[in-house]
Structure formats: structure tokens, C-alpha cells
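Participant: Position one of the sequence shown corresponds to residue 52 (our numbering), numbered consecutively onward.
Where is the CB? At the ideal position from N, CA and C, for every residue including glycine.
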Amino acid sequence: MVSTRSSSTAIATPRAQKSESATPPPSTIPKTRASRASNSSVWSHAPSTLTLVWLGVTLPLVIYDTTYVLLRPLTMEGGSLHWPLFVPYEMYGDVDHVYGWPAFERHDGFTGAQSFMNVVETAMYLVYLGLWYRNAKPAKTAGARSAVDGPVGALALLIGFSAAVMTFSKTALYWLNEYYSGYSNVGHNSIQRVIFVFVLLNGPWLIGPAILTYRLGSEIVAGLASASAPPARRGKSE
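(1) Mind checking who A198 pairs with in its DSSP beta bridge?
(2) Taking only three categories from DSSP, how would you classify S95?
(3) For the 8 Å Cβ check, are there 3 or more pairs between the stretch 244-251 and the stretch 146-155?
(4) Put G151 into one of helix, strand or coil per three-state DSSP.
(5) Report the three-state DSSP secondary structure of N240 (helix, strand or coil).
(6) Is the stretch 234-244 touching the stretch 172-192, taking contact as three or more C-beta pairs under 8 Å?
(7) Would you say the beta carbon of Y184 is closer than 7 Å to some non-hydrogen atom of the ligand NAP?
(8) Could you check what DSSP says for L251 in three-state terms: helix, strand or coil?
(9) Distance, Cα to Cα, S89 vs V108?
(10) Rounded to the nearest angstrom, how far is the Cβ of V113 from that of G163, given a contact under 8 Å?
(11) Is DSSP giving R123 helix, strand or coil here?
(12) If you run the structure through DSSP and keep just helix, strand and coil, what is A280?
(13) Please classify H158 as buried or exposed, where buried requires at least 16 neighbouring CB atoms within 10 angstroms.
(14) Using the three-state DSSP reduction, which class does S78 fall into: helix, strand or coil?
(15) Use the C-beta contact count for T100: other C-beta atoms within 10 angstroms, 16 or more gives buried, fewer gives exposed.
(16) Confirm, please, whether the CB-CB distance from A198 to S95 is below 8 Å.
(17) Considering just the uninterrupted stretch of the alpha helix (DSSP H) at P139, what are its terminal residues?
(18) Any idea if T192 is buried or exposed, counting beta-carbon neighbours within 10 angstroms, 16 or more meaning buried?
(19) Is it buried or exposed, I210, if we count other Cβ atoms within 10 angstroms and call 16 or more buried?
(20) Can you give me the C-alpha to C-alpha distance between A190 and E172, rounded to a whole angstrom?
(21) Would the beta-carbon of T12 fall within 8 Å of that of V170?
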């Protein structure tokens, strides 16, 4: 009797040890879950205050400008749509002939072409804002702006970056076209008039998009660098 009980105890002991070893110590479970949670943290994008202010100011102006160009000659001096909305273009067209009668009468296609690109560019900005506004999740930190994540966030960032590059490139082309044509459209003005009308009105469309391109591009690079980093390094960075 004694030997039987002792042998059964001896047999049961390894089974108990196996069942105990099959379950990891409770102290290791939270660490594993925490590491998985940290590795699965989701990238997100939220437009900066500068981006929202810039688009809030410039999009209505670009729509206004594009409407003037694409509806010429009705919007020009003497046209049925000229007064009162497009009266300021009478003065600007006298300074910059791209917007005046000289370019229109010689059938200069650059004015209409760049305005058509304005339509595409504006649509891209509106899609960018729409993707963020409709899909953004409330920020967990007080005072932080809601952000959009996942494929939709990546698409929004890519569209916003591409639109900013378009704006900068189109404006740079506008200025370079004037330079390489021997200032054929603004060369009749005094230097003061060129600076206070042409430069001051068009300069912001070089500076603003350049800043947006840098910021949005930096965010794309940072996201790609984080995604391509080794898991161990990514875990440390997170």
C-alpha cells in the first residue's frame, strides 16, 4: 500500500510539472502584450495650423482667380461679368499682361493652361481636407488636433503633398516664363510697380507651398523610415 501510493505520487509529479511549464509565468504575459501593443501603434496624420490657415485663405482666392481666367472675356473690362466682382483685375491686368488684353488677344495659352491646373490643384486640396475631416479620430491628448490614420491617412498625406508640389512648381514656372521671355508681360512697368503689385501678390504662392512641401514631405520620409526600420530598432523608437 505504501509503495503504491508513493509510485502514483511519483508518476503524477512529472505531469503536474509539464502542465505548469506549458503555461508561462504570469509576470511575462503583460510584457508580451505590451510589446505587441507598442509594435502595433498606428501612424496618423493631422494637418498643422499653418496648413489649415493657408488653405483657408488661398483656396477662395484661387477659385476667384480661376473663374476670372476661364470666363474671359466676359470677366474682363467691358464684359458682362466684369463689374463689380472682377474690377480689381482691370488694374492687375494692366501690370501683368498675362491677365490683361494683350495676352488674350494674341491667344497666349499659358494663362488658361495654368488656370486649368488650378482646378486640378484645388480639387486635390479639397480631397485632402475631406479625407482628414471625414475620417479623423478624436485626439487622446487634450488640445491636440484630431488625426486620420491607416491607408486613408496615407492617401490624404500623399494628395496634400502632391498638391503643394504642384502649387510651388506652377508658380515657379510662372516666374521663370516671365524671366526667359525677357519680361514680356511685366517689363513695361517701373521696378516699384513690379515689386508692389507683381511680387507681393505672387510671392506668397512660392513661400507658402514651399513650406507645406517641406513639412508634408518630411512627414512622408519619417513614416517610410519608421516602417522600414528593423523591428528591434522600431520598438526602441516607439
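Facilitator: Based on what the coordinates show:
(1) One-based indexing of the sequence shown puts residue 198 at position 147. Paired residue(s): K188.
(2) On the sequence shown, residue 95 is found 44 positions in, with the first residue counted as 1. It is a strand residue.
(3) yes
(4) As a working mapping, residue 151 is identified with position 100 in the sequence shown. Reduced to three states, the DSSP call for G151 is coil.
(5) Within the sequence shown, numbered from 1, the residue matching residue 240 stands at position 189. If DSSP states are grouped into helix, strand and coil, N240 belongs with coil.
(6) no
(7) With respect to the ligand NAP, the structure shown offers nothing to examine, as it has no ligands at all.
(8) Residue 251 sits at position 200 when you count from the first residue of the sequence shown. It is helical.
(9) Walking along the sequence shown from the start, residue 89 turns up at place 38. Walking along the sequence shown from the start, residue 108 turns up at place 57. Here the model assigns S89 a pLDDT of 40, short of 50, so the residue's position is not dependable, and the following value carries that caveat. For S89 and V108, the distance between alpha carbons rounds to 39 Å.
(10) As a working mapping, residue 113 is identified with position 62 in the sequence shown. As a working mapping, residue 163 is identified with position 112 in the sequence shown. Not quite, the Cβ-Cβ distance comes to about 15 Å (not below 8 Å), so this is no contact.
(11) Taking the first residue of the sequence shown as 1, we reach residue 123 at position 72. Three-state DSSP puts R123 in coil, outside helix and strand.
(12) In the sequence shown, residue 280 corresponds to position 229, counting from 1. Residue state, collapsed to three classes: coil.
(13) Taking the first residue of the sequence shown as position 1, residue 158 is located at position 107. It is exposed - the Cβ of H158 has fewer than 16 other Cβ atoms within 10 Å.
(14) Translated into the one-based positions of the sequence shown, residue 78 becomes position 27. With a pLDDT of 46 at S78, under the threshold of 50, the modelled position of that residue is not reliable, and the figure given next carries that caveat. Three-state result, S78: coil.
(15) The residue you call residue 100 lines up with position 49 of the sequence shown. The residue in question, T100, is exposed, as its Cβ has fewer than 16 Cβ neighbours within 10 Å.
(16) The residue given as residue 95 occupies position 44 in the sequence shown. The residue given as residue 198 occupies position 147 in the sequence shown. It is a contact, given that the beta carbons lie within the stated cut-off.
(17) As a position in the sequence shown, residue 139 is number 88, starting the count at 1. Looking at the DSSP string, the run of the alpha helix (DSSP H) that includes P139 is P139 to V146.
(18) Mapped onto the sequence shown, residue 192 falls at position 141. Classification of T192: exposed, given that the 10 Å Cβ count is below 16.
(19) In the sequence shown, counting from the first residue as 1, residue 210 sits at position 159. Buried, because 16 or more other Cβ atoms sit within 10 Å of the Cβ of I210.
(20) The residue you call residue 190 lines up with position 139 of the sequence shown. The residue you call residue 172 lines up with position 121 of the sequence shown. Going from the Cα of A190 to the Cα of E172 covers about 29 Å.
(21) There is simply no residue 12 to check, as the chain begins at 52 and stops at 289 in what is shown.
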